[in-house]
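Here is the structure we will look at, set down as structure tokens.
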Amino acid sequence: MENKEVAKILFETAHLLELDGGNIGRYRSYEKAAELIYSLHERVEDLAKDKQKLLELPGIGEGIVEHIGEILKTGDYSLRRKLLKKYPATLLDVLQLQSLGPKKVSILWREFGAATVQDVEKLAREEKLRDLPGFGEKSEQNILKACEFFTKSTGRFRLDQATDEAERLSAYVRETCSSVESVTTAGSLRRGRDTIGDVDLLVTMRPGQDKQKDVDDVAEHILKYPRIERSLAHGENKVSVVMDTGVQVDVRLLQKKCFGAALLYFTGSKEHNVVLRGRANDMGWTLNEYALTTLKGGKFFAGKTEEEIYSKLKLPYIEPELRENTGEIEAAEKGTLPVLVRLEDMRGDLQMHTTASDGRNSIEQMGEAARELGYEYIALTDHSKAVTVANGMDEKRTLEQIKKIRAAQERVPGIRLLAGIEVDILKSGQLDLDGEVLAQLDVVVASVHSYMNLTREEMTERLLAAIENPYTQIIAHPTGRLIMRREPFDYDMQKILDAAKKHGVAMECNSYPDRLDLRDVHLRMAKQRGVKIVISTDSHSTTHLPFMKYGVITARRGWLEKKDVINTLPAGELLAALRPKPTSAGKPGAAKAAKQK
DNA sequence: GCCGTTTTCGGCCCGACTGTTTTCAGTCG
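This is the structure:
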């Protein structure tokens, strides 16, 4: 059973307990355990074999260990089942609605038997909510809007969508408010999560222009941004709006001396902050979004920069992408934080498509655009014949494509053009092209585009076969997930990564914002095993080449350093770092054997 | 249900905002 599934059952139990009222802290224990397991990089199933190991985890006690045992054994949990007899599972959706929390959801359930978002929406339309205690006309309207929003979307957005929204609004504020000194992105967007709930922007004022009136003027001005669909909140130092794209943006207007404390606080994660707060308390201070102050007397101690606060807490600066409370604080204490890979470290891009298959641009255009970005090399990796919808190439066309790439090199100086392929991994695990042809390519990237619903065992075998094939050098978008659209393939990731390490096959961190695959947790697993990583864009147009930044941020979330990512190497060293292919001339039988694998 | 150098009970991060109230409960991040 996957950690995600165990965590889901615990989360649901926590929410149901919250609805049920009673002991305040009890549900938080379930929630804390769920959060921990969700972000754990070891499998909870493996840890559970040794009860002591589970007990060592913070927030996990005898009770939770027993419940985890039950969940792993039976696939469900008796308390959750019991609560679900009392409350329908659809109430968990209702709980997701903005402005409705456990207390109010509980009232709606008791008073009207409202169990679904549709039920609540109907009641709001019939104006039946406004007379309940704690409700009113305005909250009825908000609930109605929340129901409509829920129906329209699940409320999360891809990293690129949130990035675009943040950049557009930031530019508007910077360009049109002369009293504003800086606009900074915080929240999960700054941490680089693959999906974003809402965008957090922090605004500071220029010296001398930071009186409440100036701040109010800026808030008013932000509310005039034409792409705002509606405003959710407008306080003294906060403006919350929903854009016409459905993305929610919270803008906070800050005093400069609080900027570091606020940036730290609003960047999160919540779990990271809770530990920092506890640490501050232990040292005789208290940390909030304004400052680090003394516990007694509230004397200001630090707050202007994040570095200053970490330093006072006797920690080195921790990069935002690491702030998930998954070991970064311990690493910071020991001085073993990774030096994370940066976008500037990337020397080439190893997956992209041209008009030869389903790309929009020619070899030359891709080469020139990549050279503009400062790359030293790229691999042109069009599809193989199994992907008929993408005009995949057979052996003959692949050989012609190699010639075309070699010829294009003459016309595009200043960047090395590597002849590559994105060869399909067939249902059997065989590669889609003959070994003799694969042997002539500089870079062989292999990936799955069909039969995505095989059983866990079948999919594991399929990928193992592909990795064992001597021509495979890189596995591209290894889990096949499409963010918010398609679940990842089901297979044994540990076995696949172990095999990749054994055979010297690199795993891709695909930068395409719909994919981000491998994801952070899996990249970290790969790093721990010493598996080589490449970060590629899978560009289908020159306009996709800048997606590299999303792959890099995902890699950073996976704790990857420059040395873990082989396309940070110069071309010669990169080619040496790729798994050596058998040459068709040297071993006549090798190619044939590989084909039959 | 978990936790503890204010430790076996009593609190669980904590401050802002909203909407409903006339001083605060509920929600949110």
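Start counting at 1 in the first sequence, then tack on 923, and there's your number in this note's numbering. Ideal Cβ placement from N, Cα and C applies to all residues, glycine included. As the structure is a prediction and not an experimental result, all values here were calculated from the model.
G1564 classed as buried or exposed, judged by whether at least 16 other C-beta atoms fall within 10 angstroms: In the structure displayed, the chain extends from 924 to 1520; residue 1564 sits before or after that span and is not available.
Proximity below 8 Å, CB of L942 to CB of V1028: yes
Complete beta strand (DSSP E) runs within the region 1130–1215 (minimum length 3 residues, chain order): 1151–1157, 1161–1166, 1171–1177 and 1208–1210
L1092 beta carbon less than 8 Å from that of V1141: no
Nearest residue (CA-CA) to K1237, options R1033, K1219, G1220 and L1215: L1215
Whole runs of the beta strand (DSSP E) within the region 1389–1447, excluding any shorter than 3 residues: 1429–1433
Any non-hydrogen atom of the ligand MG within 7 Å of G1220 CB: As far as ligands go, the structure on display features none, and thus does not contain the ligand MG.
Rounded separation between K1515 and D1355 - CA only: The pLDDT assigned to K1515 is 41, lower than 50, so where the model puts this residue is not dependable; a value taken from the coordinates is nonetheless given after this. Taking the straight line joining both Cα atoms gives about 13 Å.
Backbone secondary structure at Y1300 - three-state DSSP: strand
Cβ-based neighbour list, E979, same chain, cut-off 7 Å, excluding 5 preceding and 5 following: none
E1345 in three-state terms, based on DSSP: strand
Reduced DSSP secondary structure (H/G/I, E/B, other) of I1524: Coverage of the chain is limited to positions 924 through 1520, which leaves residue 1524 absent and any answer about it impossible.
Beta-bridge partners of D1123, as assigned by DSSP: A1109 and D1173
Own chain, CB closer than 6 Å to A1447, minus 5 neighbours either side, in chain order: With the sequence shown as reference, residue 1447 is identified as Arg, and Ala is not the correct amino acid for it. Result list for R1447: H964, G1481 and W1482, in chain order.
Contact under 8 Å by Cβ, L1112 with T1086: yes
Where the alpha helix (DSSP H) containing A1254 begins and where it ends: E1251 to K1257
Straight-line Cα distance separating R1053 from G1059: 4 Å
Burial state of G1584 (16 or more Cβ within 10 Å): Past the edges of the chain, shown from 924 to 1520, lies residue 1584, and the structure says nothing about it.
Three-state secondary structure (DSSP) of D1054: coil
Residues that L1263 bridges to, as DSSP identifies them: E1484
Neighbourhood of K1327 by C-beta, 7 Å cutoff - its chain only, sequence neighbours within 5 removed: I1286
Extent of the continuous beta strand (DSSP E) run through S1459: I1456 to S1459
Three or more C-beta pairs below 8 Å linking the region 1413–1424 and the region 1362–1373: no
Three-pair Cβ contact test at 8 Å for the region 1099–1111 versus the region 1173–1193: yes
Cβ separation of A1478 and C1432, assumed to be a contact under 8 Å, to the nearest whole Å: 5 Å
Same chain, Cβ closer than 7 Å to E1318, neighbours up to 5 away in sequence not counted: L1356, D1357 and V1360
Environment of A1517 [buried if 16+ CB atoms lie within 10 Å]: Unreliable placement is indicated for A1517, whose pLDDT of 42 sits below 50; the coordinate value is still reported in the next sentence. Buried.
Spatial distance of G1512 from P1393 (CA atoms): Annotation note: pLDDT 42 at G1512 (below 50); position unreliable, no value reported.
The beta strand (DSSP E) enclosing A1362, as first and last residue numbers: Careful: A1362 lies outside any beta strand (DSSP E) and carries neither H nor E.
Neighbourhood of D1268 by C-beta distance below 6 Å, restricted to the same chain and skipping five residues each side: K1485 and T1491
Between the CA atoms of A937 and N946 - distance to the nearest angstrom: 11 Å
Per-residue burial, N1376 [other beta carbons within 10 Å of its own, 16 or more giving buried]: exposed
Where the beta strand (DSSP E) through F1560 begins and ends: Examination of residue 1560 is not possible in this model, given that the chain is present from 924 through 1520 alone.
Residue environment, N1204, which counts as buried when at least 16 other CB atoms sit within 10 Å: exposed
Residues bridged to G1271 [DSSP beta-bridge criterion]: Y1300
V1475 versus V1043 - alpha carbon distance: 42 Å
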